[in-house]
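Just so we're aligned: the first sequence equals residues 672 to 1588 in the numbering used here.
The C-beta atom is built at its ideal place from N, Cα and C for all residues, glycine as well.
Read through the structure below, which is laid out as structure tokens, and then see the notes.
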Amino acid sequence: MEYNFLEIEKKWQSFWAANKTFEVKADSSKPKYYVLDMFPYPSGAGLHVGHPLGYIASDIYSRYKRLKGFNVLHPMGYDAFGLPAEQYAIQTGQHPAKTTENNINRYREQLDRIGFSFDWSREVRTCEPGYYKWTQWAFLEMFNHYYNNDTCKAEPIAELVAKFENEGNAAINAACGDVEKFTAQEWKSFDEKKQSDILMQYRIAYQGETAVNWCAKLGTVLANDEVKEGLSVRGGYPVEQKMMKQWQLRVSAYAERLLVDLDELQWTDSLKDMQKNWIGKSQGAEMVFKVGDYDMTIFTTRADTVFGVTFMVLAPESEWVDKLTTPEQREAVDAYLKEAKKKTERERMTETRKVTGVFTGSYAINPLTGDKVPVWISEYVLAGYGTGAIMAVPAHDSRDYAFAKQFNLPIIPLIEGCDVSQESFDAKEGIMCNSGFLNGMSVKEAIPAAIDYVEKHGIGRRKINYRLRDAIFSRQRYWGEPFPIYYKDGIATPIPLEELPLQLPEVDKFLPTETGEPPLARAENWTYKGYPIETSTMPGFAGSSAYYLRYMDPQNDNALVSSEADGYWRNVDLYIGGTEHATGHLIYSRFWNKFLFDLGYVVEKEPFKKLINQGMIQGRSNFVYRIKNTNTFVSYGLKDQYDTTEIHVDVNIVNNDRLDIEAFRNWMPDYATAEFVLENGEYICGYAVEKMSKSMFNVVNPDNICNSYGADTLRLYEMFLGPLEQSKPWDTKGIDGVNRFLKRLWKMFFDAEGNLAVVDAEPSAAELKALHKLIKKVGDDIESFSFNTSVSAFMIAMNELQDLKSRNRQILESVIILLSPFAPHITEELWSLLGHKESISFASFPEYVEAYTIENTFEYPVSFNGKMRFKLELSKSLSPKEVEEAVRANENTEKYLAGKPIKKVIVVPSKIINIVC
RNA sequence: GCUCGGAUGGUGGAAUAGGUAGACACGCAGGACUUAAAAUCCUGUGGGCAGAAAUGCCCGUACGGGUUCGAUUCCCGUUCCGAGCACCA
672 MEYNFLEIEK KWQSFWAANK TFEVKADSSK PKYYVLDMFP YPSGAGLHVG
722 HPLGYIASDI YSRYKRLKGF NVLHPMGYDA FGLPAEQYAI QTGQHPAKTT
772 ENNINRYREQ LDRIGFSFDW SREVRTCEPG YYKWTQWAFL EMFNHYYNND
822 TCKAEPIAEL VAKFENEGNA AINAACGDVE KFTAQEWKSF DEKKQSDILM
872 QYRIAYQGET AVNWCAKLGT VLANDEVKEG LSVRGGYPVE QKMMKQWQLR
922 VSAYAERLLV DLDELQWTDS LKDMQKNWIG KSQGAEMVFK VGDYDMTIFT
972 TRADTVFGVT FMVLAPESEW VDKLTTPEQR EAVDAYLKEA KKKTERERMT
1022 ETRKVTGVFT GSYAINPLTG DKVPVWISEY VLAGYGTGAI MAVPAHDSRD
1072 YAFAKQFNLP IIPLIEGCDV SQESFDAKEG IMCNSGFLNG MSVKEAIPAA
1122 IDYVEKHGIG RRKINYRLRD AIFSRQRYWG EPFPIYYKDG IATPIPLEEL
1172 PLQLPEVDKF LPTETGEPPL ARAENWTYKG YPIETSTMPG FAGSSAYYLR
1222 YMDPQNDNAL VSSEADGYWR NVDLYIGGTE HATGHLIYSR FWNKFLFDLG
1272 YVVEKEPFKK LINQGMIQGR SNFVYRIKNT NTFVSYGLKD QYDTTEIHVD
1322 VNIVNNDRLD IEAFRNWMPD YATAEFVLEN GEYICGYAVE KMSKSMFNVV
1372 NPDNICNSYG ADTLRLYEMF LGPLEQSKPW DTKGIDGVNR FLKRLWKMFF
1422 DAEGNLAVVD AEPSAAELKA LHKLIKKVGD DIESFSFNTS VSAFMIAMNE
1472 LQDLKSRNRQ ILESVIILLS PFAPHITEEL WSLLGHKESI SFASFPEYVE
1522 AYTIENTFEY PVSFNGKMRF KLELSKSLSP KEVEEAVRAN ENTEKYLAGK
1572 PIKKVIVVPS KIINIVC
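Right, dumping it as structure tokens:
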């Protein structure tokens, strides 16, 4: 009987679907386990072999947990809103809903072939109204709440209004924008518009003027994590800074909790570090400098260096710029601002070392020394961080130093013995000098002492700043969730909850209007009760921020998730996905969850307990070498004898770096008449490891692998390739090894005639030892996500059992249970051939019995003075004294010792004996 | 520039409470079966030296030091590669 994987895999995939094998219910009699993959954006290109890596790992873990008796929730869905579908729609006129659906269907076909144990009855798609109703709902909840810094949680905006009516806002400690103080009387005297504007400053989802990343080519603003090196992540188009009024989420209010709660998560340190850096907490002080009649506040982490301030610097966008520019300097300042504005973010970054700036004409008074210092404007100060203004200490900050050198400003060293003639001294160490009452202190003492001093004298206070900015939440695009907001006389007003979802309207074109408004402005009757509805849509991360909650209760029309479902499933126990979401999705999702936690909708304050980042699978590209100006190709080993051009060749027509010459001639018309210079009768290709992409002709499609080797082989091979979290190249040539393993496993169950040949008998000690070694290894490996070494362990165990000619039923049944998470189809088939009616998924993971694996004799390698010499066989573990006697008694070792005395005996239990003589 | 992570045969990779480095697999070489090929099975395979052979010796985990009876593993320094952040005061 042959191992017919095509038939077997099809059979069991249908079986699982028909029997709903992997559908789960909230079942409180069993412990729950929630395994989640980062759901894919269904792109037009389909899946390549790199995509399923994480899904295979999570599937192995899910199937393992089921065998261990857990009620496992393992769902899948699609992150279906997004730019590529819309860009494609603009080019082709096809509706993004249509292309998205086609892509989803293609994805589903590909996923189904790999044999995942997803509960597809819980599938979600972020672009479906039934789903995005809850995205809109969460947005409105954020709109209707503010962040109370005293209680450290989100609270209803209605409660805030009540406080305003009673006592004004003087005593309110909330995360908010710039708001003037007002009394209860004043609040009541404000008109509706003014009150609305004030409340907007407090809302968690709010509309505000801010510097945004504007991408002209995409026609939309982007969040910080959607921009890399001044270019948009999607498309790679230039991005510029622009002041715009946008919807934002007050993520910054949660900065401290997002930071602190990282401690309890089982995430890798590197990912936690990335989030910590992104949140960027820094402790320092705010200090007030008088400039004429104004009090200008700055933020510093080096309060100790205030005696070395020789100038001040404002960000070009700072509101102080206008106030402090003197008439004489007005022209120069305007010219500078105009230049600065013209630059894209990209240009600013590449010119990072170029020092630019302009003097405002005003002077500030150093509050400690009383010195008069000039106030400058420069791009190196950021408007969005701190107060947008700094005190410059050129002796101890390299950026201030560069500026001072450029514009010839004084530099005062503050640390004994430091040399600031060539560069600044940035380290926080040394003894203070030139610093009044701080003289003689170490820097570590001086920082708090300086802050204490300014606090006592009312010139400043302790302050913590975060780099984490509020998330820009609107996009001027079509293919996203519409905002459930309309403008009643210019006042942003929510559409009532019971009227959600607000469905995405049809438009004639997916482009901005002639007047530059977003595509939704093209929709007919895009109004609510006659008032205009918001025309921006929500960004990609909106729909992916709470999808893990929706899987718990996907059909619920009355709540995002019922409290019963949430109370049972709680949060994700294991989350697997790429590291590229470290500062985007994984921050937003944590924020979103904490907000819902504050409101009592969810019971856990963190969404993802354990997180594994699977590495990327890279492509292994092949090259041919064309002799310049000819159509002749020279083999890899001979290419240096010619002047050649390296050309990518499709890896599918290369086998083991040998080019299939006929296939190459047929590959592209240009090569039909190609000539070859061969070595040993073959054309050898060069290779390189690169990103898997169409343009490099190194894409390997999982469907092809399933057709020629089967899904079980694909699954095993992807795991066998290397550690899960490491990036590694795909190379199809190694796949024969795991395929051979499965074929040999299959053969173990049958005799030469093809009949099932399993023996019912008591297993031998040797068989039990091989099995229990495997149980231990596989169990430990799965728990630690070392799937590559467990695949090896299966191969080793099978070799051992083959040597023993084992056909023992008990042993083989246990082996296939162990293997079933990795290779579910072949093991289901064998399980059923062995007479089991139920799916192998309902079997139990075999118990490990240590007694079977214990050795009766110990073979100790014996080393003398560290050099390995002999092996010594002992019947049991011995003490050093007993070992010394055994060594003396042994012919070999005594020969080496030749009567010399033994100084010391070191015994490393069950590993090695070292004799020092 | 700052913060992390990594470097082991021709290839992917095993092995860390420090204890026989190179498991397992690919590739390669040789052999069996076959008219032949595929498939399958067996043997060998880090480098060097000696030997007819069994075998023995030396060198080897990016490089240079250190701790230790003993280091791929721990510590210090260097080089190279990868990822993230990027004027965050």
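Using 10 angstroms around the beta-carbon of aspartate 1005, count the other beta-carbons present and answer buried if the total reaches 16, otherwise exposed. exposed
C-alpha gap between glutamate 1050 and leucine 985, whole angstroms: 8 Å
Compare the C-alpha of isoleucine 1130 against each of Cys1089, Val977, Ala1066 and name the closest. Val977
Determine the closest residue to aspartate 1452 out of Pro1225, Asp1228, Met1390, with distance taken between C-alpha atoms. Met1390
What residue range is occupied by the uninterrupted alpha helix (DSSP H) comprising alanine 1437? 1436-1454
Can you tell me where the beta strand (DSSP E) holding isoleucine 1511 begins and where it ends? Counting along the chain, isoleucine 1511 falls outside any beta strand (DSSP E), and DSSP gives it neither H nor E.
If you run the structure through DSSP and keep just helix, strand and coil, what is leucine 1267? helix
Taking alanine 845 as the reference, which of Gln856, Ala855, Val832 has the closest Cα? Val832
For glutamate 838, the residue or residues it bridges with in DSSP: According to DSSP, glutamate 838 bridges with nothing at all.
With 16 other Cβ atoms within 10 Å as the buried cut-off, status of glutamine 1077: exposed
Under the DSSP definition of a beta bridge, which residues are partnered with arginine 874? Tyr817
CA nearest to the CA of glutamate 1094, picked from Cys1104, Ile1083, Pro800, Ser923: Ile1083
Could you check what DSSP says for glutamine 684 in three-state terms: helix, strand or coil? helix
Identify which residue in Ile1288, Ser1145, Glu1317 has its Cα closest to the Cα of asparagine 1302. Glu1317
Three-way DSSP call (helix, strand, coil) for tyrosine 802 in this model: helix
Kindly list the residues whose CB is nearer than 6 Å to the CB of proline 1495, restricted to its own chain and excluding five residues on each side of it in sequence; keep chain order. Gly786
Starting from the Cα of proline 1153, find the closest Cα among Ser1461, Leu1182, Tyr803, Phe861 and give me that residue. Tyr803
If we ignore side chains and look at the alpha-carbon of each, how far apart do alanine 1054 and glutamate 900 end up? 19 Å
Note down the Cα distance separating leucine 707 from leucine 738, rounded to an integer number of angstroms. 18 Å
Does DSSP put arginine 1138 in a helix, a strand or coil? coil
DSSP on alanine 751, reduced to helix/strand/coil? coil
Same chain, Cβ closer than 6 Å to proline 1434, five either side skipped, listed in chain order: Asn1479, Gln1481, Ile1482
Less than 8 Å between the C-beta atoms of aspartate 975 and isoleucine 843, yes or no? no
Rounded straight-line distance, which links the Cα of tyrosine 1246 to that of arginine 1132: 42 Å
Under the three-state reduction of DSSP, which class applies to aspartate 1407: helix, strand or coil? helix
Can you say whether phenylalanine 1513 is buried or exposed, counting buried as having 16 or more other CB atoms within 10 angstroms of its CB? exposed
According to DSSP, is isoleucine 1203 helix, strand or coil? Per the sequence shown, the amino acid found at residue 1203 is proline instead of isoleucine. Looking at proline 1203 - three-state DSSP - the assignment turns out to be strand.
How would you label asparagine 1592, buried or exposed, when you count the other beta carbons within 10 angstroms and need 16 or more for buried? The structure shown does not extend to residue 1592, since the chain spans only 672 to 1588, so no value can be given for it.
What do you reckon, are the CB atoms on isoleucine 1617 and histidine 816 nearer than 8 Å? Missing from the structure shown is residue 1617; the chain here goes from 672 to 1588 and no further.
For phenylalanine 982, name the three-state secondary structure that DSSP assigns. strand
Checking 8 Å against the spacing of the C-beta atoms, do phenylalanine 970 and threonine 1058 come in under that value? yes
When the distance is taken between beta carbons, is leucine 920 closer than 8 Å to alanine 1142? yes
Can isoleucine 1283 and leucine 724 be called in contact, C-beta distance under 8 Å? no
Is the distance from the Cβ of phenylalanine 752 to the Cβ of proline 702 below 8 Å? no
Please work out which residues of its chain come closer than 7 Å, Cβ to Cβ, to serine 1033, disregarding the five sequence neighbours upstream and downstream, and give them in chain order. Val962, Gly963, Leu995, Thr997, Val1046
Going by DSSP, which residues form a beta bridge with lysine 703? Asn742
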